[in-house]
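See below for the structure under consideration.
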Amino acid sequence: MVSSHLVLSRTQSCHPLISRFRHRLHTPSRHCAIAHCPITRLSSPIAHHKNPRQPLVCQARHHKRRDNWSSPPLARLPSLPSAKMTVISTSKKPIFCATHPRACSTAFERVFMTRRDVLSCVHEPFGDAFYYGPERLGARYADDVEARESSGFANTTYADVLQTIGESSEGGAKRIFIKDIIHYLFPPSGAPASIAPSLGGEKSFEPNNPTVIPVDILRKFQFTFLIRHPRRSIPSYFRCTVPPLDKVTGFYNFDPAEAGYDEVRRFFDFLLKEGLIDRSNLTVIDADDLLDDPEGILRAYCKRVGLDFHDGMLNWSDEDTAFAQDKFAKWVGFHDDALSSCNLRARDPKHKKVFTRESEDREWNEKYGEKGAKVIRQTVEDNLADYKYLKKFALTTEKDKLLHMEKVLGKIVVGQKEAVKSVSNAIRLQRSGLANPNQPPSFLFCGPSGTGKTLLTKALAEFLFDDPKSMIRFDMSEYQERHALSRMIGAPPGYVGHDAGGQLTEALRRKPFSILLFDEVEKAAKEVLTVLLQLMDDGRITDGQGRIVDAKNCIVVMTSNLGAEYLTQSTSPDGRVDAATREKVMNALRGWFLPEFLNRINSTVIFNRLTRREIRNIVDIRIGEIQKRLADNDRKVFIDVSEEAKDYLGDAGYSPAYGARPLSRLIEKEVLNRLAILILRGQIRDGENARVELINDKIVVLPNHQDSELPSEEDDEDMEDAIEEVARDDEDLYN
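Using full-length UniProt numbering, you'd call the opening residue of the sequence shown number 1 and step up by one each time.
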């Protein structure tokens, strides 16, 4: 009988907060509650293995038994169908078991290793199993180059490890476990794969090919699909811990089990569709069969470790869930701060405490070791108390931030006080809890090109989330056709590409706390705009698969150039929009958009025409951006622009019709082009000032050094003529 292998691949669903709970609750990550065998720890490095030719990262060994950590004895093993286990254990190919978060993959591993009918087929002791972890090769030897090189696997990749397993199975090698992260094997919804650099030229660039592992390697495995439908409850130790944590921290605005289920299903759909595997070789196991009696398991566990069992361990009440969601899911940016909770607590002298494994073990033993407790509810309450402090700290700092919101945004967006004020009021209304919690703030920015509509959106994303990448941008000129709707929410079942999610729904599913920017929304088809009605009205959107995506925590911003011709003709000296012009712009909007669309927008903001004084102020902002760009590129060059040169740039870059964009082009042609040449020539070096002066009504960047290998005067004259010609062309375009 040829021994089989098990390649156990699971998606990562745990963040540091859940890890803290898992450690304090002594959950199955530390021991097994359904197996009779002793616990094993897989922890011997590859450099100490006898045969360095095989990429074995860890070899299993029996862990020293401790009374506090031993698994509770159970009356019976899970009743997994023997037929399916026989198919798995007698396979002549190594087994690739794909699963998703909370699908009881650890339980499946233990069942596979302990059932007698499996052992009779495999006839290998548990201690002879090996653990592969190619993702740990780099981490284990990151600081020890010698050990990494001596191991012989300095350049080992996932593909190499899977290839080795496939080849070793032909000779009847020992059973091997590989616990990996399945999203390393294929990119989600067409996104670049994380493992692509390690695969090099073997990566597939086909748009509909979700896998990055070569096909010839995949054919060597027997595939097993371990599923647990996300709609069902989870009878495990995390039943009363993980769901509240998801809502408390705000890390997940979707069900991670559902997302992982879809990814694994899509992976196997691809393999079946392409004919890479046969349905007869695909075993589907329902994880519910792995947990025969969850209440009995939990009672035995509590009895073993000396804890009191109560119903709260299996159920989390709706009141507690509502409490957690109401208390901690209202403010948007806190989930980022929660990741560094220890750092936040350390800012207060009362909470300067170093959290270590020993200290938490000691705290646990002092609190629960002798007396016993209703451990899960008490632990959740303790952590909720921590979050209450964090919430108070976050709200205190955020309160000052929101009160000065206009001042911060006004430094970035010049000349749009009304727009900044309108956006700030809406955000403060939402953060204070006075706005409708089910309706995300929505804005329609109207105005001429180059007045700061998109810039205000980027500044808002950086202000709220401290990350400009939190803005998800959709150029609506790409959605002019009716069928473009399927790109946004996904194609319905039966159509080509129905297994791939929509661009909007998938973006919201992965980044629920973000700003949605629909640029030039008037260019989109009417059917596309109709889909946005439910998003702006009730904070939800339904994708092509019928799944509801929560959008309550996002901010919707739309830009439009409708009525811009009326704004450029404004006769107001300060560029402000008068009542008559505002009415003309609103009439243009009413004539283009449907009434129900405009009626769902919280605020329609009309941007003012920029004046010469405001363009002059933007010059300082642009120079500051260039200075920051140089610093980001490790260029220690400081730009010193004279006031006369700034006045010239502000006057020459003024255009009522095109806003501030001509100024950016002018600075690029007059300043940056000349500065780039001087830096490359070595006439301006790191640590020096680049002086920009106005000489004879021309912008001049003065060199600091003379180079003997300078080009001839004719080359300099040709360069100056080319720059002036480009500047004249721009002047003709904007005037």
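Every residue gets a Cβ at the ideal spot worked out from N, C-alpha and C, and that includes glycine.
Give the secondary structure of residue i by DSSP, where H, G and I count as helix, E and B as strand, and everything else as coil.
{"i": "F593", "result": "coil"}
{"i": "V637", "result": "coil"}
{"i": "N673", "result": "helix"}
{"i": "A690", "result": "strand"}
{"i": "I475", "result": "The sequence given here has Asp at residue 475, not Ile. D475: strand per DSSP, three-state reduction."}
{"i": "I626", "result": "helix"}
{"i": "I684", "result": "coil"}
{"i": "L403", "result": "helix"}
{"i": "D578", "result": "coil"}
{"i": "M1", "result": "With a pLDDT of only 31 at M1, under the threshold of 50, the placement of this residue in the model should not be trusted; the figure read from the coordinates follows. Of the three classes helix, strand and coil, the one that applies to M1 here is coil, per DSSP."}
{"i": "V434", "result": "For the sequence presented, residue 434 should be read as Leu rather than Val. In the structure shown, L434 sits in coil (DSSP, three-state: anything other than H, G, I, E or B)."}
{"i": "L610", "result": "coil"}
{"i": "Y654", "result": "coil"}
{"i": "A324", "result": "Caution is warranted here: a pLDDT of 40 is assigned to A324, below 50, making its placement in the model unreliable, and no coordinate value can be reported."}
{"i": "N553", "result": "coil"}
{"i": "A588", "result": "helix"}
{"i": "A461", "result": "helix"}
{"i": "H705", "result": "coil"}
{"i": "A507", "result": "helix"}
{"i": "Y252", "result": "With a pLDDT of 32 at Y252, under the threshold of 50, the predicted position of this residue should be treated as unreliable, though the coordinate-derived value follows. Y252 falls in the coil class under three-state DSSP."}
{"i": "S642", "result": "coil"}
{"i": "E481", "result": "coil"}
{"i": "K453", "result": "helix"}
{"i": "R600", "result": "coil"}
{"i": "P493", "result": "coil"}
{"i": "A631", "result": "helix"}
{"i": "A419", "result": "helix"}
{"i": "P662", "result": "helix"}
{"i": "K220", "result": "coil"}
Using DSSP bridges, identify the partner residues of residue i.
{"i": "V414", "result": "V414 is not bridged to any residue."}
{"i": "T559", "result": "F445"}
{"i": "K698", "result": "I695"}
{"i": "residue 738", "result": "The requested residue 738 does not occur in the structure, where the chain is confined to residues 1 to 735."}
{"i": "D467", "result": "D467 is not bridged to any residue."}
{"i": "T542", "result": "I548"}
{"i": "V605", "result": "F445"}
{"i": "F518", "result": "F474, M558"}
Using a 10 Å radius around the Cβ and a threshold of 16 neighbouring Cβ atoms, would you call residue i buried or exposed?
{"i": "I684", "result": "buried"}
{"i": "D553", "result": "It should be noted that the sequence gives Asn, not Asp, for residue 553. Label assigned to N553: buried."}
{"i": "G591", "result": "exposed"}
{"i": "T505", "result": "buried"}
{"i": "V496", "result": "exposed"}
{"i": "R431", "result": "buried"}
{"i": "Q569", "result": "exposed"}
{"i": "L409", "result": "buried"}
{"i": "R232", "result": "The predicted model places R232 with a pLDDT of 42, which falls under 50 and marks its position as unreliable; any figure quoted below should be read in that light. Exposed."}
{"i": "G687", "result": "exposed"}
{"i": "C519", "result": "Reading the sequence as shown, one finds Asp at residue 519 and not Cys. Result: buried."}
{"i": "G546", "result": "exposed"}
{"i": "D543", "result": "buried"}
{"i": "A580", "result": "exposed"}
{"i": "I541", "result": "buried"}
{"i": "residue 740", "result": "This structure leaves residue 740 out entirely; the chain is present only between 1 and 735."}
{"i": "I548", "result": "exposed"}
{"i": "E643", "result": "exposed"}
{"i": "G563", "result": "buried"}
{"i": "P441", "result": "buried"}
{"i": "E565", "result": "exposed"}
{"i": "S477", "result": "exposed"}
{"i": "Q480", "result": "exposed"}
Within 7 Å (strictly less), CB to CB, does residue i reach chain B?
{"i": "D400", "result": "In the structure shown, chain B does not exist; there is a single protein chain."}
Let me check you understand the geometry: is the CB of residue i closer than 6 Å to at least one non-hydrogen atom of the ligand SAM?
{"i": "I412", "result": "Annotation note on the ligand SAM: not contained in the displayed structure, which lists no ligands."}
Taking contact to mean at least 3 C-beta pairs separated by less than 8 Å, is the region 605-617 in contact with the region 644-664?
-> Taking a cut-off of 8 Å on C-beta distances, the region 605-617 touches the region 644-664, as three or more cross pairs fall below it.
Flag this pair as touching only if the region 643-652 and the region 616-630 have three or more C-beta atom pairs under 8 Å; answer yes or no.
-> Here the region 643-652 makes contact with the region 616-630; the two share three or more CB pairs at distances below 8 Å.
Are the region 417-434 and the region 517-537 touching by the rule of at least three beta carbon pairs closer than 8 Å?
-> Too few Cβ pairs lie closer than 8 Å, so no.
Touch check for the region 654-674 and the region 433-450: three-plus C-beta pairs under 8 Å?
-> Counting Cβ pairs under 8 Å, three or more are found: they touch.
The region 464-475 in contact with the region 509-524 per 3-pair CB rule at 8 Å | Enough Cβ pairs lie closer than 8 Å, so yes.
Quick check: the region 589-605 against the region 486-494, are there 3 or more CB pairs under 8 Å?
-> They do not touch, by the three-pair rule.
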